[in-house]
Structure formats: structure tokens, C-alpha cells
């Protein structure tokens with residue numbers, strides 16, 4: 057007997073892409089059900105809550121920043137490198153100021169306080185910053201630099217949590233039905249395409265689920281920073297869920313998959329990770345590739361699964377950017393003012409993922425003096441490690457080379473070329489911004505290992521960027537023959553999108569909103 061259709065659109069996964077899809081579909085008059093294997097929010101709620109937006113947002117204007125959609129497009133063309141069409145990228149840029157307005161209409165909050173120094177994540181005094189490569193060579197050669205990292209107003213790393221809480225509350229008010237702790241294991245379909253989902257779910261109000269929630273909250277945070285502890289807590293939560301899960305099913309006119317990437321899927325990472333094998337998975341246990349697998353089982357195709365990103369941020373403190381980064385052979389990696397993931401990509405591609413940041417005593421002292429004013433609490437912990445046990449120290453560069461196992465002649469040549477460029481006015485051979493170019497002359501000298509590898513005190517977090525191929529006008533999942541799978545959509549990190557080639561802070565959340573709204577609107581029109 058066929059199930060009665062209770063909903064027009066079912067959203068699988070309730071991070072920022074899923075909740076954006078749900079809101080957009082509900083605003084179009086659709087009856088929406090959202091399912092999430094956790095309690096909602098996903099990796100988006102664990103993020104820093106940074107949304108990449110530009111083209112002249114009112115916060116840019118209030119901060120005195122000049123930016124246009126065309127200027128934003130020129131910059132993002134360099135980052136995306138053709139992963140989406142120019143027409144789609146242009147739509148993204150042109151709609152960027154209105155995207156922030158839409159988010160604020162759902163309860164999000166942003167501010168115009170501009171961060172005056174280069175950082176990976178600003179303090180609570182700043183909510184607008186250069187979150188990518190906007191000021192770095194060669195990007196600044198082709199577009200005027202503009203800060204586009206708009207951070208949700210909140211304290212510390214709760215910005216992502218507060219942003220998602222606002223969006224989920226907006227969806228609730230609009231009538232979206234949400235069932236947490238629900239795992240979709242298969243899609244239902246007929247000759248007309250995807251028509252619903254089969255899933256396992258639990259009664260979230262059951263007594264045992266109180267302990268499950270506590271374990272999930274703690275495990276979700278610790279899995280990213282203390283993986284062994286997070287794994288144990290998540291395993292206990294999993295046992296509670298397994299003991300209570302029951303089978304369920306729902307039909308609908310359309311299904312939107314927004315279930316994240318696959319960074320927590322060991323098998324898929326082993327197959328695709330390449331130079332990213334040593335990253336610390338950043339996300340939730342829900343980023344296990346299930347969404348991608350569901351789409352493939354329904355006839356969808358994938359791309360860019362080998363594309364991943366990893367962060368080795370050199371700042372804060374910002375003075376550390378005045379140092380020089382070298383690979384294991386002693387050669388220069390790249391200009392240090394590049395975004396952390398961009399610099400790491402060069403290190404992976406050209407230096408086997410191994411590298412060191414070299415600074416002298418003057419830079420070291422300057423950086424130590426910036427710790428208190430430039431860092432969030434979690435950054436202070438990392439800085440405390442780097443400035444105590446997380447470095448090597450020697451009286452000369454030659455001695456330092458021996459300590460870290462790189463050829464002394466190569467290290468001396470690299471630093472010498474850098475110092476000469478600064479001293480003569482010719483400039484840094486790697487084109488670092490002149491205001492960050494300080495000669496390395498005063499011993500002792502210090503080396504920080506920035507290799508892409510697991511380290512409890514200095515982790516190299518990362519996530520996956522590839523996923524299901526989608527129609528860029530509608531968000532419908534595409535087959536290998538470029539035909540849409542009827543009734544099936546994908547968004548966020550489950551799908552190919554704006555940041556599927558490279559990543560800068562805030563671009564994944566912005567793409568989640570962009571692609572989620574696109575999929576939700578079209579799914580609602582199809583269901584109607």
C-alpha cells in the first residue's frame with residue numbers, strides 16, 4: 057500500500073544548506089519536512105559563523121570599503137577556477153548583498169567592525185575581515201582587495217551555533233517540520249523519479265535521549281580537536297541511538313540532499329585524499345558521504361571528490377607572517393600572506409605536505425606581544441603551545457637547519473634571497489606584501505613545523521569539497537549524461553558548488569545559502 061504524501065519537499069541534512077532550502081521551500085508555500093542524523097546545525101553550527109559576502113554589502117559600506125559585484129567576480133574567478141560557470145558565479149556575486157539581507161530577515165546578525173590586521177579568525181572586537189587571499193599576490197593583481205568575511209555577531213566560536221540557531225528558529229516559525237536523530241538510508245522512486253525517503257529514527261523525547269544529547273554535543277566538539285576522546289563519546293551516543301531506532305518512511309514531491317561531505321568516511325578518504333591523508337577531519341560524524349551515496353544510488357554522478365582543503369594558518373599573531381616558509385628541501389613554499397588553505401595546497405603539491413615557518417628573534421618577540429590582543433581563547437591555547445614546546449630554536453640558521461633536518465645551504469640561500477630583496481628594494485621574490493616583509497637577521501632563530509599532519513596541540517583540520525554534480529540553474533542532481541534525476545536535488549558540501557575547487561573562510565557557508573535556496577525554490581515549484 058502506497059504511503060500517503062504528507063509533505064511536498066523533504067530535506068535531508070539540516071546544516072546551513074538544508075535549513076536555507078527548507079526556508080525557501082516553505083516561503084514558496086511547500087509543506088516541508090527536514091531530517092537530520094543529529095540535532096540540526098551540522099558542521100555549520102560548529103564553524104566560526106563566517107559568511108563570505110561582498111559586492112557592496114551595507115557592512116562594507118559602513119566600514120568605508122569599496123566593492124562591487126564585478127570586482128568580487130574578478131577575485132572569485134581566481135579561486136573557483138571554472139568549477140562553476142561564469143554565469144553562476146556572476147549570479148552569486150550579484151546576489152551577495154541581498155543574501156546578507158535575507159539571512160538577517162531570518163534572525164542573523166552582522167556588524168561593520170573591520171579587523172585591521174591579517175588573521176585566520178577575528179576577535180570579538182571585529183566582525184568584518186579579509187577572510188581569503190584578497191590582499192595577497194597574485195590575487196590582488198586582478199581585483200581590488202576588499203574584506204568579505206562577515207561573521208555572525210556572537211562571542212568566540214559560538215558564531216556558527218548562533219547563526220544556525222537563528223535560521224532553524226525561522227524555519228520552525230514558517231512551519232517546517234523537523235525530525236532530529238533521523239538517518240535516511242535509501243530513496244524511494246518510480247518512473248517519475250525520486251518520490252520519498254526511507255529512514256531510521258528515534259523518539260527524541262525518550263528518557264535515554266537526554267544522555268545521547270549530552271554525549272553528542274561533547275563528542276561533536278572534541279572529535280575535531282581531540283579525536284580519540286570525541287570518538288569514544290560518539291561511540292557511546294551511537295549505541296544509545298541504535299538501541300532505540302525504528303524504521304520510517306515518507307513520500308514527497310521532491311527531496312533535497314544537504315548532508316555534508318565525506319571527511320569522516322575512512323574508505324572514501326583513503327580513496328581520494330592523496331596529500332590530505334594527514335588532516336584532522338573537520339565537521340561532524342554526519343559528514344560520512346551518505347548524502348553523496350544516496351544521490352549516486354538514484355542515478356546521480358559525482359566530480360571533484362579528490363578536492364579537499366586543509367588549514368595551516370600562520371596567524372594570528374600577525375607578526376608570524378613576517379617569517380619565511382620553507383619546504384623539507386629548504387626551498388621557499390610561497391608568499392606567507394596567502395590564505396592558510398591556499399598556502400597549504402602549495403605545500404602539498406610541491407613539498408609533499410612538509411614545511412616550516414622560520415622567524416628571527418625580533419619577529420618572535422613581536423609575535424609574542426600580539427598574542428593577547430589578536431587571539432580568541434582557542435587561538436591562545438595554540439599560541440601557548442607554539443611559543444613554549446612547539447618550535448625548534450638555534451643560534452644560527454645553519455644550526456636550525458640541522459635541528460629540523462633540512463639542507464643548510466638551501467635554507468641559507470632562501471633566507472638570503474628574501475633578505476636581499478627586502479634590503480635592496482627589489483621586493484620579496486615570492487611577492488609577499490611589502491608591509492609584511494621584515495629581514496630575518498637577529499638570532500636566535502626559530503622554526504615551527506607547519507606540515508600537514510595530525511598533532512593534538514597544533515592540528516591541521518580539513519574537509520572535502522567535491523560531491524554530486526547539479527544543474528546550476530535548479531540544483532537538480534545530474535546523471536553522467538547530464539540529465540536531471542527527477543525530484544532529486546543537492547546543496548552545500550554534498551554538491552559541486554562555488555568552493556569545490558578551493559576554499560576560503562566563509563565561502564562554504566555562503567555557497568550553502570546560495571545553493572540551498574536555489575534547490576529549495578525549485579523543489580517547491582516542482583512539488584506544487
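Residue numbers (this note's numbering): 57 to 584.
Yeah, the Cβ is synthetic: ideal placement off N, Cα and C, and Gly gets one too.
Just so we're clear, the structure is a prediction, and the values are computed from it rather than from any experiment.
Suppose the cutoff is 7 Å on Cβ atoms and the five residues either side in sequence are ignored; what does the same chain contact list for residue i look like?
i	result
residue 344	318, 320 and 321
residue 230	79, 82 and 83
residue 400	366, 367, 368 and 508
residue 450	456, 459, 500 and 501
residue 430	173, 175, 179, 372, 373 and 374
residue 73	314, 547, 548, 568, 571 and 572
residue 103	216 and 565
residue 409	331, 334, 403, 507 and 508
Would you kindly check if the distance between the Cβ of residue j and the Cβ of residue i is under 9 Å?
i	j	result
residue 182	residue 194	no
residue 534	residue 356	yes
residue 189	residue 360	no
residue 532	residue 517	no
residue 214	residue 106	no
residue 144	residue 528	yes
residue 209	residue 165	yes
residue 224	residue 566	no
residue 413	residue 506	yes
residue 486	residue 524	no
residue 536	residue 86	no
residue 513	residue 445	yes
residue 560	residue 150	no
residue 115	residue 562	no
residue 219	residue 98	no
residue 347	residue 519	no
Could you compute how far the alpha carbon of residue i sits from the alpha carbon of residue j?
i	j	result
residue 174	residue 419	15 Å
residue 530	residue 448	53 Å
residue 582	residue 244	17 Å
residue 59	residue 526	A caution first: residue 59 carries a pLDDT of 40, below 50, which makes its placement in the model too unreliable to give a value.
residue 308	residue 70	17 Å
residue 547	residue 204	22 Å
residue 521	residue 480	42 Å
residue 57	residue 577	Its pLDDT being 27, under 50, residue 57 is placed unreliably by the model, and nothing is read from it.
residue 327	residue 364	12 Å
residue 100	residue 153	20 Å
residue 161	residue 236	24 Å
residue 491	residue 482	14 Å
residue 76	residue 395	27 Å
residue 392	residue 488	7 Å
residue 123	residue 140	22 Å
residue 349	residue 227	27 Å
residue 291	residue 358	30 Å
residue 464	residue 417	19 Å
residue 125	residue 264	51 Å
residue 63	residue 255	15 Å
residue 594	residue 95	Since the displayed the chain opens at 57 and closes at 584, residue 594 lies outside it and no answer follows.
residue 137	residue 438	33 Å
residue 127	residue 232	37 Å
residue 475	residue 382	14 Å
residue 157	residue 163	10 Å
Report, in whole angstroms, the separation of the C-beta atoms of residue i and residue j, which I expect to be a contact under 8 Å.
i	j	result
residue 260	residue 544	Going by Cβ atoms, the distance from residue 260 to residue 544 rounds to 27 Å, so no, they are not a contact pair.
residue 212	residue 433	6 Å
residue 471	residue 380	6 Å
residue 304	residue 257	5 Å
residue 242	residue 93	Actually they are not in contact, since the Cβ atoms of residue 242 and residue 93 sit about 14 Å apart, beyond 8 Å.
residue 424	residue 443	6 Å
residue 253	residue 66	6 Å
Who are the near neighbours of residue i in its chain, counting only those whose CB is closer than 8 Å to its CB and skipping five residues on each side?
i	result
residue 262	300
residue 540	527, 530, 532, 533 and 534
residue 248	542 and 543
Between which residues of its own chain and residue i is the CB-CB distance below 6 Å, once the five residues before and five after are set aside?
i	result
residue 564	555
residue 608	The shown model of the chain, from 57 to 584, leaves out residue 608, and the question about it has no answer.
residue 289	271, 274 and 275
residue 201	190 and 191
residue 68	91, 240, 313 and 315
residue 324	318 and 345
residue 185	171, 178, 203 and 205
residue 473	485
residue 575	77, 312, 531, 545 and 547
Verify the contact flag: residue i, CB atom, against every heavy atom of the ligand ZN, threshold strictly below 8 Å.
i	result
residue 257	The model depicted lacks the ligand ZN and carries no ligand whatsoever.
Taking only beta-carbon atoms, is residue i less than 9 Å away from chain B?
i	result
residue 383	Structure shown: chain B not included; a single protein chain is present.
request  = Answer yes if the segment 381–401 comes into contact with the segment 452–470, meaning at least three C-beta pairs across the two stretches below 8 Å, and no otherwise.
outcome  = yes
task = Examine the Cβ distances between the segment 327–338 and the segment 399–414 and report whether three or more of them are shorter than 8 Å.
result = yes
query = Does the segment 369–376 come close enough to the segment 121–131 that 3 or more CB-CB pairs lie under 8 Å?
reply = no
message = Quick test of the definition: if touching needs 3 or more C-beta pairs under 8 Å, does the segment 265–277 touch the segment 302–316?
response = no
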